[in-house]
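Going line by line, the protein sequences match chains A and B. Take the first sequence: its position 93, counted from the start at 1, is 93 in UniProt numbering, and no numbers get skipped. Take the second sequence: its position 145, counted from the start at 1, is 145 in UniProt numbering, and no numbers get skipped. Working notes, structure below.
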Amino acid sequence: MAQSTKTKKSKSKLWFLVHSWLALPIWFFVLIVCFTGMLAVVSQEIVWLANPDVRASKPSDDAQRLSFQQILDAMHKAEPEMAVRRLVQPDGSHFALTANVTNPDGTTPTLYVNPYTGAIQGKVPDFNFEAFTRALHGWWLVPFTNGFSWGWYLVSLLGLPMLASLVTGLVVYKKFWKGFFKPLRTGHGSRIFWGDVHRLAGVWSIWFIAVISITGIWFLIQAILSDNHITISTEPVVPVISREDVPQTADGSPAPRIDLDEAARIATTAIPGLDISFIMMPATSYSHVSMGGRGWYPLMYQTAAVNPYTRTVDSKFLLEDRSTLEFVTESMRPLHTGDFGGLAIKLVWFFFGLVLTLMVLSGLLIWTKRTAQATAAALKRSERAPASRKARVETPVEVQP
Amino acid sequence: MSKAQALPASPLKQFWLKWRFHLNILLILIPLGFMPKYFADAAMFRGDSGLGANQQSAIQVGPYTLDLAEMRDEAPRADGPAGYFKLFNAALCKACLKDVKAVYLRIGKPRSLRAAGTIFFGAPYRMATSLPVPPRTKPDAQIWITIEGWDGSMHQAPVALAKASPATVAWLEKQGGKK
């Protein structure tokens, strides 16, 4: 009996040690990854607040949203030479449309377009805050040269210690399910206070840490699969339109193609429930008008490709076309980023992202106050006789990373 | 803390104990180091830094002219079992926008329009294609541009690979027909 209590105790001590040391040598890296992830969740909203060009301002109360073709016409009226490649309605009607265009000088900016008037309100600035925070968080800015960037691996590997932190944290926190409403103890010193913060934040974040770490590990698996050229996708490769279907014209002028609204009408008639939030012009004379949007399951997109000459839906990829495995794997990214249910879910993800960032910080504070002191003390005790000077040198290294 | 920490440590362990937190500094230096590259790439993708590297301007292809440039001045990139690919960008002359149905690129002269090579995607002001480069390609090879008109006409012109992508030729010479 006494023996088993003792092993139990030493085991939990070991778990505690594992928990304490999991992220430590790289704590600042972990902190920045959590922080940039938290920012990335709401980066679109931050840009919306900072830049009026991004807002879908109504010219009058009864203004109606224009169709994709009406938008395209308005843009061509303003810039007759500009080639529009893609129109996207971001999630949320308060966002302006974004348009990927190519100018005659060969530049390819992304423009913000008012959905009510079709007016070009501005372009994505050279410093793209959304893209930058995502690149910093997602792959540590390491360029993709051959397959996935090694920065992607570096960041996604953190999913493993994060999941281990969650598991060991729950093991060492006895009866953690009773900790949801424990008040924070103030006035007992900062170590007790930060310990309480860490535990309270931890129990409320169990689901979030599980979601973020598991989806993070998925990103790692995804990179490994992709770099080994293994695919689990059932998405059809849209074939180019055959030569016979693309008309030749006697006078050498481009063959007439259906407009965007007609293409969208054909697709939504053929596929009930297809919501169209983005539409792409044909990329070549042998390409389709492709479009898509979220299905009833908001974590996944449905797409369709309409032949602009024959008016047929040549290809589609709908929710029911997915394998069960794809339902799981395709859900991973939106679950990580929290961009599947509008602002409310983003704010929840942002809040828990902040809590997670604070947990890394509070974990470090506890560590410096307890683990480091204990380590330093142990080192001092053992090295007092042979090398006392060395121990003193080492102490500041321990507490001051 | 554990006893293991307290024991007199090996030099390697001492080194780890002393320097482990400097890993943080190394990790933070990574994005700082890559930041100029990140912004240069972003500018390149926006088309702000021109069509690409080693631009061949105003190549006469039948009645039309076209600018061709490799996206990056570098050797072809491997894409698994599919082989090696090289990204090229092209821009059509403003006067020929309406007439041209498609532009293709291929190593060696195509025998017919059906074998014209890879098609260029995107707006005619800046199109892109991914050209397969077999490792056995001769370094003195030519890449052929094929322009197909809406009236069914076909026009062709070659460019020396050595001019369009010196890095690819250097890579081919290094391969020496090994693959």
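Ideal Cβ placement from N, Cα and C applies to all residues, glycine included. Quick caveat: nothing in here was measured; it's all calculated off a predicted structure.
CB of A/Leu299 within 8 angstroms of CB of A/Ile217, strictly: In the first sequence, counting from the first residue as 1, residue 299 of chain A sits at position 299. In the first sequence, counting from the first residue as 1, residue 217 of chain A sits at position 217. No; because the gap between Cβ atoms is not below 8 angstroms, this pair is not in contact.
Member of B/His22, B/Met127, B/Ile107 whose CA lies at the smallest distance from the CA of B/Val159: Position 159 of the second sequence, counted from the first residue, corresponds to residue 159 of chain B. Here the closest residue by C-alpha is B/Ile107.
Neighbour-count burial assignment, A/Phe127, 16 or more Cβ in a 10 Å radius: Taking the first sequence and counting its residues from 1, the one referred to as residue 127 of chain A is at position 127. With fewer than 16 other Cβ atoms within 10 Å, it is exposed.
Taking 8 angstroms as the threshold (beta carbon to beta carbon), is A/Trp27 in contact with chain B? Numbered from 1 along the first sequence, position 27 holds the residue referred to as residue 27 of chain A. It does: the Cβ of A/Trp27 has a partner Cβ on chain B nearer than 8 angstroms.
Mind checking whether A/Gly118 and A/Gln70 have CB atoms under 8 angstroms apart? Working through the first sequence from its first residue, we reach residue 118 of chain A at position 118. Working through the first sequence from its first residue, we reach residue 70 of chain A at position 70. Yes, the Cβ-Cβ distance between A/Gly118 and A/Gln70 is below 8 angstroms.
Give the DSSP-derived three-state secondary structure of A/His336 in the structure shown. Locating residue 336 of chain A in the first sequence gives position 336, counting from the first residue. Correct three-state label for A/His336: helix.
Bounding residues of the alpha helix (DSSP H) (the contiguous stretch that carries A/Val47): If you number the first sequence from 1, residue 47 of chain A lands on position 47. A/Val47 -> alpha helix (DSSP H) spans 43–50.
DSSP bridge partner residues for A/Val313 (one or two, in chain order): In the first sequence, counting from the first residue as 1, residue 313 of chain A sits at position 313. Paired residue(s): A/Val306.
The segment 80–110 of chain A: which residues have C-beta closer than 7 angstroms to a C-beta of chain B, in chain order? Ala83, Arg85, Thr102, Asn103, Pro104, Gly106, Thr107, Thr108, Pro109
Quick check on the DSSP output: the alpha helix (DSSP H) that includes A/Met359 runs from which residue to which? Mapped onto the first sequence, residue 359 of chain A falls at position 359. Looking at the DSSP string, the run of the alpha helix (DSSP H) that includes A/Met359 is 342–366.
Quick one: residues in its chain with C-beta nearer than 6 angstroms to the C-beta of A/Ile276, no 5 flanking neighbours on either side, listed in chain order? Here residue 276 of chain A refers to the residue found at position 276 when the first sequence is read from its first residue. Only Ala264, Met291, Gly293 meet the Cβ criterion.
Which residue comes first and which comes last in the beta strand (DSSP E) that contains A/Met291? One-based indexing of the first sequence puts residue 291 of chain A at position 291. It spans 289–294 - the beta strand (DSSP E) in which A/Met291 sits, taken as one unbroken run.
Just list the beta strand (DSSP E) runs in the segment 72–104 of chain A, keeping only unbroken ones of 3 residues or longer that don't cross its boundaries, in chain order. 83–88, 97–102
Burial state of B/Arg126, where buried means 16 or more other Cβ atoms lie within 10 Å: In the second sequence, counting from the first residue as 1, residue 126 of chain B sits at position 126. Buried.
When DSSP labels each residue in this structure, what does B/Pro166 get in the three-state scheme? Within the second sequence, numbered from 1, the residue matching residue 166 of chain B stands at position 166. B/Pro166 falls in the helix class under three-state DSSP.
Cutoff 7 angstroms; reference A/Ser93; Cβ partners in own chain excluding five residues on either side: Here residue 93 of chain A corresponds to residue number 93 of the first sequence, with the count starting at 1. Around A/Ser93: Ala56.
Would you please verify whether the beta carbon of residue 193 of chain B is less than 8 angstroms from any beta carbon of chain A? Residue 193 of chain B is absent from the structure shown; chain B starts at 1 and stops at 179.
If the cut is a Cβ gap below 8 angstroms, which residues of chain B does A/Asn146 touch? Within the first sequence, the letter at position 146 stands for residue 146 of chain A. Those within 8 angstroms of A/Asn146 in chain B are Arg77, Ala78.
Span of the alpha helix (DSSP H) holding A/Ser233? Mapped onto the first sequence, residue 233 of chain A falls at position 233. Element bounds for A/Ser233: n/a, residue is neither H nor E.
Against chain A, with Cβ distances strictly below 8 angstroms, would B/Leu87 count as a contact? Against the second sequence, residue 87 of chain B aligns to sequence position 87. No, because no Cβ of chain A sits closer than 8 angstroms to the Cβ of B/Leu87.
B/Ala123, DSSP secondary structure in three states: If you number the second sequence from 1, residue 123 of chain B lands on position 123. Coil at B/Ala123, not helix or strand.
Any Cβ of chain A within less than 8 angstroms of the Cβ of B/Ala116? Within the second sequence, numbered from 1, the residue matching residue 116 of chain B stands at position 116. No, because no Cβ of chain A sits closer than 8 angstroms to the Cβ of B/Ala116.
Anything in the segment 42–59 of chain B with a Cβ closer than 8 angstroms to a Cβ of chain A? List those residues in chain order, please. Ala42, Ala43, Phe45, Arg46, Gly47, Asp48, Gly50, Leu51
How long is the line joining the alpha carbons of A/Cys34 and A/Phe327, rounded to whole angstroms? Translated into positions along the first sequence, residue 34 of chain A becomes position 34. Translated into positions along the first sequence, residue 327 of chain A becomes position 327. Distance between the alpha carbons of A/Cys34 and A/Phe327: 26 angstroms.
Measure the C-alpha to C-alpha separation of A/Phe219 and A/His137 and round it to an integer number of angstroms. The residue labelled residue 219 of chain A in the question sits at position 219 within the first sequence. The residue labelled residue 137 of chain A in the question sits at position 137 within the first sequence. If I take the Cα positions, the gap works out to 13 angstroms.
Buried/exposed call for A/Trp139, threshold 16 Cβ in 10 Å: Reading the first sequence from its first residue, position 139 is the one you call residue 139 of chain A. When all chains shown are included, A/Trp139 counts as buried.
I'd like to know whether the C-beta atoms of B/Arg46 and A/Pro25 end up nearer to each other than 8 angstroms. Here residue 46 of chain B corresponds to residue number 46 of the second sequence, with the count starting at 1. Here residue 25 of chain A corresponds to residue number 25 of the first sequence, with the count starting at 1. Cβ atoms of B/Arg46 and A/Pro25: not closer than 8 angstroms.
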